[in-house]
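Below is one structure, written out as structure tokens; the observations come after it.
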Amino acid sequence: MFSYYLRLAWISIIKHWGLSLVMITAIGLGIGASMTTVTVNYLMSANPIPHKSSVLYNVQLDSWDINEPANDDGSPPEQLTYRDATYLMSAKKAFRQNIQAQAHSVIEPEGDGALPFMVSARANSASFFSMFDLPFIYGSGWDQSADDNKEQVVVLSSEINQRVFGGEDSVGKSIKIGGNYFKVVGVIDYWNPTPKFYDISTGAFDDSEEIFVPFSLIAEEKINRSGNTSCWKPPGDGFQAFLNSECVWLQFWVELPNEQAKEEYLSFLNAYVEEQKALGRFERPLNNRLNNVMQWLEQQQIVSDDAVMMMTMSFMFLVVCLLNTVGLLLAKFIGKAPEIGLRQALGASRRTLFSQYIIESGCIGVAGGLLGLLFAWLGLQGIESLYGDMLKGLTGLDTTMIVSAIVLAVITSIIAGLYPTWRACNVQPSQQLKSQ
Amino acid sequence: MQELGLIFRALLRNKVGALLISLQIALTLTIMVNAIFMMQERSAQMQRSSGLDEANLFHLSNTIFAQEYNQPVNLENDLALLRQTDGVVDAIQINAIPISGGGWSMGLKTEPGDDISSTGVAVYMVDDHAINTLGLELIAGENFSPTDVEWRPSGKNSWPAKTIITQAMAEALFPDDWQSAIGATAYINNNEPLLITGIVKSLQAPWNGWDGVERSMLVPYKMESSGSRFMIRTQPGRRDELMPIIEKLLSESNKGRIIRRVTTMDETRERSYRGHNAVNKILSSVIVVLTLITGFGIVGLAMFSINRRTKQIGTRRALGATQWQIMSFFMIENLMISSFGIILGVAGAVSLNIWLVSTFSLSPININLILFGIVALYIIGQISVLYPARKAAMISPATATRTA
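First to last, the protein sequences are chains X and U. First residue of the first sequence? That's 1 in UniProt numbering, and the numbers climb one at a time after it. First residue of the second sequence? That's 1 in UniProt numbering, and the numbers climb one at a time after it.
Here's what the structure looks like:
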């Protein structure tokens with residue numbers, strides 16, 4: 001019977017092609033607009049490291065000014081001071097811990113005619129690579145002794161390895177960075193978590209860094225630090241004074257395998273802050289935080305207001321499109337009252353009529369959904385061209401989105417078809433036949 | 001008037017269709033009014049003047065990497081070279097580019113002390129050529145003199161003796177009389193004094209979304225740091241021609257640094273407001289498409305109800321109703337449906353706005369916009385119903401005599 005109903009639906013859609021086209025376009029536009037905005041929101045709030053996000057924790061300590069909180073909502077600063085982060089690093093109270101900061105430098109490639117160029121760098125401790133599971137092509141990260149001995153070692157991204165060494169295995173070779181020679185210990189494959197959860201201070205959708213060097217080289221001034229820096233007290237003159245200041249500019253992450261480890265680590269943090277209070281620091285009430293990756297991204301509200309507003313608007317838009325479809329289906333089905341009456345008189349049950357018209361609505365839904373996918377794809381292209389690299393990596397349609405678009409289209413169009421179908425099934429055959 | 005009751009009673013017999021159209025009109029009004037409102041807010045932000053002579057300005061970044069690099073000498077050479085170049089009006093070294101997104105901020109207060117709250121201000125470190133280079137308008141006091149300009153070694157955190165601030169900053173510090181700022185002392189870092197010697201009309205901070213975007217200060221400093229920026233103002237119309245020339249000139253004059261990101265101020269503005277621009281374009285397409293869909297919905301349902309009433313209409317025509325009477329029947333019917341939708345829509349628009357205000361801290365909507373939305377939807381309704389109504393009016397009286 002199903003294929004028969006499909007054929008009937010086809011005939012009916014073709015016969016009223018104008019009306020059908022308007023309905024399919026309306027559903028398509030509604031689905032397209034919603035899927036476009038849902039995709040952007042979905043990718044903005046995606047889990048950048050799904051297999052580990054629940055055991056990686058960002059550390060926040062409230063080292064801020066007693067007179068005013070770091071943020072209006074009373075939450076502690078997003079980053080740590082050098083004093084606090086290096087202490088937590090040396091205390092080694094977590095399963096793994098990582099101190100990191102943004103940096104930049106200039107690479108001077110060997111050879112004639114090769115021009116020096118700027119690179120973005122991350123200064124991090126050895127555990128960075130294992131904590132965040134970086135994919136290595138050649139070599140590996142450095143070990144803790146390299147951190148301790150302030151060795152000039154570097155991990156390169158594959159692009160930089162391509163540019164400087166032509167893509168070959170460069171482990172063991174040296175490279176001139178910021179006027180000093182660094183030994184290459186590893187080359188990573190493409191790695192660009194979106195959102196860039198491990199450091200969102202200058203943008204949650206920034207690219208990951210081009211080179212990675214030991215954090216201990218920052219204090220040696222072998223690499224220039226950069227990135228977001230906030231101070232509530234004047235830092236004083238000179239780099240040493242800056243390192244001892246109340247300026248926050250470091251990201252600190254710990255890996256804690258279970259809830260108990262988390263509790264213990266939080267008590268350790270609280271004890272540390274209590275200790276510091278005795279030294280006249282941390283004058284604000286105790287307000288330390290440990291958030292895992294998704295809690296951290298949630299707290300930092302990295303899904304932009306614009307994206308949420310657009311999504312709200314697009315769902316309202318979808319509702320308008322559906323109301324439109326309900327109205328037009330109603331018009332169409334009621335227009336068929338004589339035909340329905342005739343079929344009923346010839347013995348068609350309400351059930352068969354109901355299935356027939358629901359299938360017709362479903363077909364319109366599928367067509368609308370397919371058209372909606374096309375619109376969503378166009379919409380994402382449009383968004384990409386409007387925003388450029390601001391939304392890089394946030395405008396791709398994946399299988400989940402494609403399937404949800406079709407499912408959403410079919411479900412909504414069947415819902416839209418319910419009332420008109422019900423009305424169609426309630427046609428009184430006697431009345432219809434009389435007027436024939 | 002008697003007709004109105006008639007149309008209304010006829011309408012009640014087809015409640016669902018009318019209700020569907022009303023709801024569409026209501027939602028369209030809700031979305032339209034709020035979308036236009038959001039667009040207006042963004043456009044207003046985008047139209048603020050940065051205070052700069054944007055059309056003739058470009059900037060570049062100068063990154064020093066050589067180990068032995070005599071910064072004071074090289075900077076003087078660079079600036080002299082730039083200022084002598086044919087077609088260049090003036091040039092400066094600066095620590096941050098207005099509206100670019102990245103910069104330096106501090107707090108100023110009119111009395112020293114740790115426990116007094118300060119007013120946030122964007123800091124631009126420049127020399128005495130800044131006003132001429134940026135194209136600022138000095139409205140009170142005087143420019144820095146060359147002897148005011150000090151060297152700021154990397155990592156040093158003191159402040160010079162003088163500052164020039166924007167009018168908005170002067171108003172924030174001295175709300176009673178902003179001109180009294182001239183000659184007054186402001187305190188930075190809680191207790192380091194700065195004499196205010198000049199006020200410029202406007203100069204925007206690097207952050208366009210900041211509520212203090214008009215509050216900036218100039219301090220007379222030359223920076224001895226490995227990364228800084230140059231801003232260059234050219235004679236009108238010569239910017240694009242000079243950009244590559246200057247990039248080459250600087251790159252070749254000293255190999256111990258990298259010249260990069262040679263960017264016009266126009267491009268900086270475009271990047272800065274790209275998000276705003278994108279939202280506005282998306283919202284305007286939403287409004288257009290929504291209006292079309294609602295319009296088509298009205299056409300579709302009106303056609304349907306006319307088809308159903310063909311015989312009735314024929315009968316009325318046979319009994320002497322004029323074509324105009326038939327047309328006005330459907331137009332008045334649409335007016336009634338629209339009115340119901342508009343009442344719902346105004347409530348919806350206000351509620352959505354209340355939600356937007358509370359969730360995203362937007363400002364409340366203004367009443368004119370709602371009035372505009374109401375008029376717009378009545379017009380859309382009437383235009384959409386015009387074609388079906390005309391078709392209805394064309395139905396011949398003879399239809400009354402035919403069956404079905």
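For every residue, glycine included, the Cβ atom is placed at its ideal position computed from N, Cα and C.
- By the rule that beta-carbons nearer than 8 Å mark a contact, F37(U) does not touch chain X.
- Residue burial annotation: Q102(X) is buried, with at least 16 other C-beta atoms found within 10 angstroms of its C-beta.
- At a C-beta separation below 9 Å, D115(U) has these neighbours in chain X: N67.
- Within chain X, the residues G327, L330, A331 have their CB atoms less than 8 Å from the CB of G17(U), given in chain order.
- Annotation: the continuous alpha helix (DSSP H) that includes I342(U) extends over 323-360.
- Each residue's CA atom was taken as its position, placing G212(U) and A172(U) some 10 Å apart.
- If you look at H104(X), you'll find it in the beta strand (DSSP E) that goes 96-108.
- For R390(U), no CB of chain X lies under 8 Å from its own CB, so it is not counted at the interface with that chain.
- Short of 8 Å from the beta carbon of K277(X), and not among the five residues preceding or following it, lie these beta carbons of its own chain, in chain order: E283.
- By the C-beta criterion, the segment 342-351 of chain U is judged to be in contact with the segment 14-30 of chain U, since at least 3 inter-stretch pairs fall below 8 Å.
- It is roughly 22 Å from the alpha-carbon of E151(X) to the alpha-carbon of M118(X).
- The straight-line gap separating the alpha-carbon atoms of T359(U) and T291(U) is approximately 27 Å.
- The C-beta separation of E209(X) from A121(X) comes to about 6 Å, placing the pair in contact by the 8 Å criterion.
- Taking a Cβ-Cβ cut-off of 7 Å, the neighbours of T63(U) in chain X comprise V106, M118, given in sequence order.
- In the DSSP assignment, Q93(U) falls within the beta strand (DSSP E) that extends over 88-94.
- Going by DSSP, R233(U) is part of no alpha helix (DSSP H) but of the beta strand (DSSP E) stretching over 227-234.
- Taking CB atoms only, S226(U) has a neighbour in chain X less than 8 Å away.
- Taken in chain order, the unbroken stretches of alpha helix (DSSP H) that lie wholly in the segment 63-151 of chain U and span 4 residues or more are 71-84, 130-134.
- By the Cβ rule, the segment 235-249 of chain U does not count as touching the segment 240-253 of chain X, because fewer than three pairs are nearer than 8 Å.
- Only residues of its own chain outside the window of five on either side were considered, and among them V119, A121, I177, G178, I223, N224 have a CB closer than 7 Å to the CB of S105(X), listed in chain order.
- Contact of T30(U) with chain X is assigned, a C-beta pair being separated by under 8 Å.
- In the assembly as shown, R7(X) is an exposed residue. Its beta-carbon has fewer than 16 other beta-carbons within 10 Å.
- According to the DSSP assignment, Y138(X) belongs to the beta strand (DSSP E) that extends over 136-139.
- DSSP places E192(U) in the strand class (E or B) of the three-state scheme.
- The DSSP assignment places complete beta strand (DSSP E) segments of no fewer than 3 residues inside the segment 213-239 of chain X at 224-226, in order along the chain.
- In this structure, the alpha-carbon of P206(U) lies about 36 Å from that of L269(X).
- The shortest CA-to-CA distance from I211(X) to any of L329(X), L286(X), V187(X), T202(X) is the one to V187(X).
- Of the candidates F165(X), Q60(X), Y265(X), M313(X), the residue whose Cα lies closest to the Cα of F95(X) is Y265(X).
- Taking 8 Å as the threshold, the shortest C-beta distance from N77(U) to chain X does not fall below it.
- Less than 8 Å divides the Cβ of V273(X) from the Cβ of N288(X).
- Residue contact check for P234(X) against chain U: a CB pair falls below 8 Å.
- DSSP places A114(X) outside any beta strand (DSSP E), giving it a letter other than H or E.
- When the beta-carbon positions are compared, A307(X) and T36(X) stay at least 8 Å from each other.
- For the pair A35(U) and I196(U), the Cα-to-Cα distance works out to about 43 Å.
- Comparing alpha carbon positions, the residue from S226(U), L356(U), L352(U) closest to S61(U) is S226(U).
- In this structure, I7(U) keeps its C-beta atom at 8 Å or more from the C-beta atom of I383(U).
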